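Asker:
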Amino acid sequence: MCGIVGYIGKKQALPILLQGLRDLEYRGYDSAGIAVLDNRKIDRVREVGKVDMLAKKIGQDKFVGTIGIAHTRWATHGGVTESNAHPHIVGEGKLVLVHNGIIENYREIKKQLKNQHQESETDSEILGQLIFENYQGDLMKAVKQALLKVRGTYGIVVMHADHPNQLVAARLGSPLCIGIGDKEYYIASDVTPMLPFTKQVTFLDDGEIASINGDGLKILNMRDEIINKTVTQIDWDQAKAQKGGFENFMLKEIFDQPTVFEDAIRGRFNVDEGTAVLGGLNMTLEQMRDIKRVMIIAEGTARHAGLIAKYAFERLANLPTEVDFSSEFRYRDPVVNKNTLVFVISQSGETADTLMAAREAKRKGAVVRGIVNVVGSTIARETKAGTYIHAGPELAVASTKAYTNMVAVLLLYALQFGRIKHTSLATGQRLLQGLLEIPEKMNEILKQTDSIQNIAKQYQQYHNILFMGRGVNYPVALEGALKLEEISYIHAEGLAAGAMKHGPLALISKDVPVVAILSKDQLYEKMKSSIQEVRARGARTLVIATVGDEEAKEVADDIIYVPDTMELLEPLLNTIPLQLFAYYIAVALGRDVDRPRNLAKSVTVE
Ligand code: M6R
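The numbers in the working numbering rise by one with no breaks, and the one at position 119 of the sequence shown is 141.
1. Using three-state DSSP, classify K166 as helix, strand or coil.
2. Over what stretch of residues does the beta strand (DSSP E) that includes Q222 continue unbroken?
3. According to DSSP, simplified to helix, strand and coil, what is S233?
4. Who does H524 pair with in a DSSP beta bridge?
5. Taking the alpha carbon of M378 as the point to measure from, which residue in V431, V625, F603 has its own alpha carbon closest?
6. Residues in the same chain with beta-carbon distance under 7 Å from P593, minus the five sequence neighbours each way, listed in chain order, please.
7. Pull the bridge partners of H121 from the DSSP assignment, please.
8. Since I believe S146 is in contact with H110 (beta carbons under 8 Å), could you give me their beta-carbon distance rounded to a whole number of angstroms?
9. Would you mind stating whether I89 and M181 have Cβ atoms separated by less than 8 Å?
10. Could you round the C-beta distance between T568 and S551 to whole angstroms and report it? I think they count as a contact, below 8 Å.
11. Beta carbon of I621: closer than 7 Å to some heavy atom of the ligand M6R?
12. For D579, report the span of its alpha helix (DSSP H) as first-last.
13. Could you tell me if the beta carbon of L119 falls within a distance shorter than 7 Å of some heavy atom in the ligand M6R?
14. Report, in whole angstroms, the separation of the C-beta atoms of M490 and L468, which I expect to be a contact under 8 Å.
15. When every heavy atom of the ligand M6R is checked, does at least one fall within less than 7 Å of the C-beta of V625?
16. Tell me, to the nearest whole angstrom, how far the beta carbon of L46 is from that of A77; I am working on the premise that it is less than 8 Å.
17. Identify whether M588 lies in helix, strand or coil by the three-state DSSP scheme.
18. Please classify V299 as buried or exposed, where buried requires at least 16 neighbouring CB atoms within 10 angstroms.
19. Going by DSSP, what residue range makes up the beta strand (DSSP E) through N486?
20. Quick check on H485: buried or exposed, where buried means 16 or more other Cβ atoms within 10 Å of its Cβ?
21. Within the same chain, show all residues whose beta-carbon is closer than 7 Å to that of M588, passing over the 5 residues directly before and after it, in chain order.
22. Specify, as a first and last residue, the run of the alpha helix (DSSP H) that H326 falls within.
23. Would the region 245–258 and the region 169–181 be scored as touching if the rule is three or more Cβ pairs under 8 Å?
24. Taking only runs that begin and end inside the region 293–324, name each unbroken beta strand (DSSP E) of 3 or more residues, in chain order.
25. Going by DSSP, what residue range makes up the alpha helix (DSSP H) through L189?
26. Tell me whether Q601 counts as near the ligand M6R, meaning its Cβ is closer than 7 Å to at least one heavy atom of that ligand.
27. Based on the DSSP secondary-structure assignment, which residues constitute the bridge partners of E515?
28. Answer yes or no: do G25 and S211 have a C-beta to C-beta separation smaller than 8 Å?
29. Are there three or more Cβ pairs, one per stretch, closer than 8 Å when the region 224–233 is compared with the region 268–286?
30. Please determine if the region 358–366 and the region 374–390 are in contact, where contact requires at least 3 C-beta pairs separated by less than 8 Å.
31. Count the CB pairs spanning the region 81–96 and the region 118–130 that are closer than 8 Å, and state whether there are at least three.
32. Would the C-beta of L504 count as close to the ligand M6R, meaning under 7 Å from any of its heavy atoms?
33. With distances taken Cα to Cα, identify the nearest neighbour of D375 among I367, Y157, S349, A383.
34. Just to confirm the assignment: which complete beta strand (DSSP E) runs, minimum length 3, are found wholly within the region 110–161?
35. Following the continuous alpha helix (DSSP H) through S551, name the residue where it begins and the one where it ends.
36. Work out the CA separation of L152 and A183 for me, nearest whole Å.
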């Protein structure tokens, strides 16, 4: 996730900004930059790579000035290059901007700009130009007027050469906070960079815009009303602050899900048409109609996201869909051709097996598309077309928010194909409406964290735990088991409930509990019977049920309720309690949750 730092006060800004960028490094980034204003002159430096490389580039340069802004970029629009790095300078070299977030309608805005020349490929520079074209002497007003024309998310800080004692900051969906010192202010994406200087912090809320100068702080909403903010005393140390106050990155990333989910779907659908609009597919309608099969290749959690998509492609688009481990695909003789659409899914975009499988599919003439989180990663570059999932940097080894965003993007792809085949407008619209409701429903589940923690503690002593589900919830069982085993080291298996009596039922005893996903869908009764079967053989059962399903209690020793949704969307909700369940067992066992033994975040070797 990109990081912003700003300073205005009496001290030299450069060392504060540079240290601030280092404090934000944990968020993940691929380039960085700083701009300092002095005597109406803006000095700016940007560099691809680490903050150390930026510092090296600055070298002995003085960059005098007591006001400045800085940024670590995690690419979303435009590759990882110096000219795409922030701060962006626009408007005859006078206006400087740093931006986090995504400007959804940047193409429309660009068409309306007087100045059609851009230095970068970013939506952020377009926003800067829009602000400049609205500027008539009042910087705060210009920012506000520009933002009223914007759709998307932003956390921005703007500086202008003719306003040497003012920073303007605004937020919508991308956090910004302001640290208050003695006639000085610190601005940042989170409190980490300001903690060495002040513990007094105010948090901008969505739709607020702040004008900050050495003497004071004025915060307005978009209707120009003055907002009186409370100032919070922050008692966190820096390590805790980096995790947003959570104990571990994994827990933070679980809680990130409702927010980043919106980033995955934003601007990628058309409700009127009941369809998805994924530009990255890069195929004409005719080419789409020529696709006869879908293949999904991935590893681990990414593969589980692919398994869910299989149900969606088959149901919505009537396309036979196969899902394989990348490591298997590359060594068998896969039957693919120009009518096969191959999706390669990877959070890191660097998984060696997945990369090799993508190359193999291309060699065999398939149409290959990447679904990747890390912008500019090898898989993203080599597949050329495809879609970024916009989950932001995922730092914990156990993948959580990348999974839900992968599922979201895959569902949109299935819908896009479905709508040119047999999916009706009404079904398409219902699915989109369901997707739009997911973040709120995820929040409902996250509110139950304390009770999930209590349940989890009661399962920590078991050596084997089975997970079972059916239909779209079979991959959820696989994912629940993977999460648990990788961070707690408890042996766990995900099973298709219907397959229990063909073997795995022999494992059941009072020492082997079963986590079962029992959603109110077409397989409800069958799933309930499977739970009864394991209970009859002594297993303790934890049931993930749909809110309002009182009958589920009949087969549950422990129960977690999740909100109702369309069947194809159930995995987006049902997985979250399982992530928390795994997390709290691992914590109770004293495991290193973010860095489990023997595992790496990015598996770049075969
Ligand atoms: O970066 P990728 O998505 O390609 O990684 C694939 C797997 O290595 C990954 O999902 C792994 O299974 C995670 N540790 C699961 O939490």
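In this text, a Cβ means the ideal position worked out from N, Cα and C, and glycines have one as well.
All values reported here derive from a predicted model rather than from experimental measurement.
Answerer: Reading it off the structure:
1. helix
2. 222–225
3. strand
4. Beta bridge pairing from DSSP links H524 with no other residue.
5. The option with the nearest alpha carbon to M378 is V625.
6. I330, V429, V494, N495, P497, V498
7. I178
8. 6 Å
9. yes
10. About 17 Å; that fails the 8 Å criterion.
11. Reading off the sequence shown, one finds Leu at residue 621, where the question assumed Ile. The answer is yes for L621.
12. Looking at the DSSP string, D579 is not in any alpha helix (DSSP H), and its letter there is neither H nor E.
13. no
14. M490 to L468, Cβ: 24 Å. No contact.
15. At least one heavy atom of the ligand M6R lies less than 7 Å from the C-beta of V625.
16. No, L46 and A77 are not in contact; Cβ-Cβ is about 14 Å, not under 8 Å.
17. It is coil, neither helix nor strand.
18. With fewer than 16 other Cβ atoms inside 10 Å of its own Cβ, V299 counts as exposed.
19. 486–491
20. exposed
21. R452, L453, G456
22. Counted as a single uninterrupted DSSP element, the alpha helix (DSSP H) harbouring H326 occupies residues 322–339.
23. The way I'd put it, the region 245–258 doesn't touch the region 169–181; fewer than three beta-carbon pairs between them come closer than 8 Å.
24. Counting only runs of 3 or more, we get 315–320.
25. Careful: L189 lies outside any alpha helix (DSSP H), inside the beta strand (DSSP E) at 189–194.
26. no
27. L488
28. yes
29. no
30. yes
31. As far as the Cβ criterion goes, the region 81–96 touches the region 118–130, which means the pair count is three or higher.
32. yes
33. S349
34. Annotation: the region 110–161 contains the following complete segments of the beta strand (DSSP E) (minimum length 3 residues), in chain order: 110–112, 117–122.
35. 546–558
36. 17 Å
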